[in-house]
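Here is the structure we will look at.
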Amino acid sequence: MTEKTDVFVREVQEAMGNIIAFWTGNMADPKGGFFGKMAADGSVDTTAPKGTVLNARLLWALSAAYRMTKKQDWLLAATKAKDYFLQQFFDHKHGGVYWSLDSEGERLETKKETYAQAFAIYAISEYVRATKDQSALRFAQNLFLTIEKNLADKVSGGYLESTARDFSPLAEKENDWDKSLNTQIHMLEAYANLYRIWPDPRVRTSIINLLNLFADRIYNPPTGHMNLYFDHERHALDYGCSYGHEVESSWLLLEAAFKVGDIDLINKIRPIAKASLEGGLAGLQPDGSLISKCSAEGILDTDRYWWCQAENVIANLWSWKYNDEPKAAHKALRQWDYIKTHMIDKSGEWRRRCNAKGEPYMEDDLIGFQKSAYHNTRMCVEVLHILQHKAL
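Mind the numbering: the sequence shown is residues -5 to 386 in the working numbering, read in order.
Laid out in structure tokens, this is it:
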């Protein structure tokens, strides 16, 4: 490994350790799960609701961090998070997971968001991957069957956004769209992780269907971007583009295709993944950071969100490794320099966003309903995994 790689690895290892230490030291609720809110000044709101997505993401992060390091205290934290998650967030009557609990762990919002189901599978699969816990695997398997039965659109493809607790239609439509890129890509990453530990042909078929959906309907060749929202029949609605979701999609698409192992499908997805990265990098700024999105009217959101920066590092490292793009490594390193300078809080956790000058928004909570140690821990895990096999 080169000196540059060694430095990058050491910095990322330290960053991951600081992230995990922040969460286990500040946000773990003695009653179980994690507190749902911390202000920028470090004050914790112990009465805030507990989001399923936040807690699933923490279960994933702790499990992945343990898998990479074998630190026993991280395993203990992951197991504690797993036990609480399986007991409290699962709907043991209708199946699936709730959207949120109150601060005491009682059901709060019981609707079934597909996005939350995806993160539950993603997290549990990672815990099983790290520990080989077969009892936890059964929860992931049952959740897969529940999703396929109740949330998969057998006519138009893809997955519905949300339903009521019993999987009946919601009384009122929540959005003016029916399906989103965001939900579909997180279903794909969840199923790809599930397939690692449970190579069931039904999971493989669902992954293939999602990959073809991205290639045939979600990617928009005339614009060079991914469509963000769709009506029920998968007709695209013009909402502009999300640079963060495009760089994220670029490597998750390729990862899922590799997991399936079909060479024809890999060859179909590879140019789509490359185009997705190019579309996302339209938001790359001279300081090495990535802005958020562009509206249908061409208005840019120039804020730098923590998750976009993390995914930009991963996407460029994947491009460097699997597409043999030397310049992509330079982009990843420049983005990491921006993160170190502007995004990482003195606590070890990352700030939610910075403005165009690199100044954090101090009115933003450091931790919110869904903001947790997912994107930043995953960046650390992917950097360490990739650089174990190839030097910069």
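By construction, the Cβ of each residue, glycine as well, lies at the ideal position given by its N, Cα and C atoms.
| Mind checking whether A322 and W314 have CB atoms under 7 Å apart? | yes
| query | Cα-Cα, which of L175, Q128, Y368, K340 is closest to S243? | reply | L175
| said: I need the DSSP call for V149, collapsed to helix, strand or coil. | reply: coil
| task | Under 7 Å Cβ to Cβ from A146, same chain only, skipping five residues before and after it: list those, please. | result | Y153
| query | Anyone know if the C-beta pair for F29 and D23 falls short of 7 Å? | reply | yes
| How would you label E107, buried or exposed, when you count the other beta carbons within 10 angstroms and need 16 or more for buried? | buried
| Run through DSSP, which three-state label would N214 get? | strand
| Beta-bridge partners of M220, as assigned by DSSP | Y213
| query | Where do the ends of the beta strand (DSSP E) carrying E103 lie? | reply | 101 to 103
| field | Residue of C288, S150, F113 minimising C-alpha distance to I179 | value | F113
| query | So, using beta-carbon positions, are I263 and L247 closer together than 7 Å? | reply | yes
| query | Does the beta-carbon distance from L386 to T(-4) come in below 7 Å? | reply | yes
| task | Go ahead and label D210 buried or exposed: buried means 16 or more other beta carbons lie within 10 angstroms of its beta carbon, across all protein chains shown. | result | exposed
| query | Terminal residues of the continuous alpha helix (DSSP H) containing I260? | reply | 257 to 274
| message | So, does the stretch -1 to 14 touch the stretch 360 to 375, judging by three or more C-beta pairs under 8 Å? | response | yes
| query | Hey, would you say D77 sits closer than 7 Å to P43, going by beta carbons? | reply | no
| Reduced DSSP category for K143 - H, G, I as helix; E, B as strand; rest coil | helix
| said: Only counting the same chain, and skipping five residues up and downstream in sequence, which positions put a Cβ closer than 6 Å to that of V377? | reply: V6
| message | Assuming contact is defined by CB atoms lying nearer than 7 Å, are V375 and A58 in contact in what I supplied? | response | yes
| message | As an exercise, report each continuous alpha helix (DSSP H) stretch of at least 4 residues that is fully enclosed by the stretch 282 to 326, in chain order. | response | 300 to 316
| query | Using 8 Å as the Cβ pair cut-off and three pairs as the minimum, do the stretch 335 to 354 and the stretch 63 to 70 touch? | reply | no
| query | By a C-beta neighbour count over all protein chains shown, 10 Å radius and 16 as the cutoff for buried, is H219 buried or exposed? | reply | buried
| query | Who are the near neighbours of I308 in its chain, counting only those whose CB is closer than 6 Å to its CB and skipping five residues on each side? | reply | W245, M373, E376
| said: Rounded to whole angstroms, what is the Cα-Cα separation between L137 and A165? | reply: 24 Å
| message | Output needed for L381: all residues of its chain with C-beta closer than 6 Å, excluding positions within five of it in sequence on either side, in chain order. | response | T(-1), V3
| query | Going by the CB atoms, is the gap between L259 and L236 shorter than 7 Å? | reply | Here the sequence assigns Ser to residue 236, which means Leu is not the residue at that position. No, Cβ-Cβ distance for S236 and L259 is not below 7 Å.
| message | Within 10 Å of its beta-carbon, does A110 have 16 or more other beta-carbons around it, so buried, or fewer, so exposed? | response | buried
| In the structure shown, what three-state DSSP assignment does S129 receive? | helix
| Alpha-carbon spacing of G26 relative to R123, whole angstroms | 23 Å
| query | Should T18 be labelled buried (16 or more other beta-carbon atoms within 10 Å of its own) or exposed? | reply | buried
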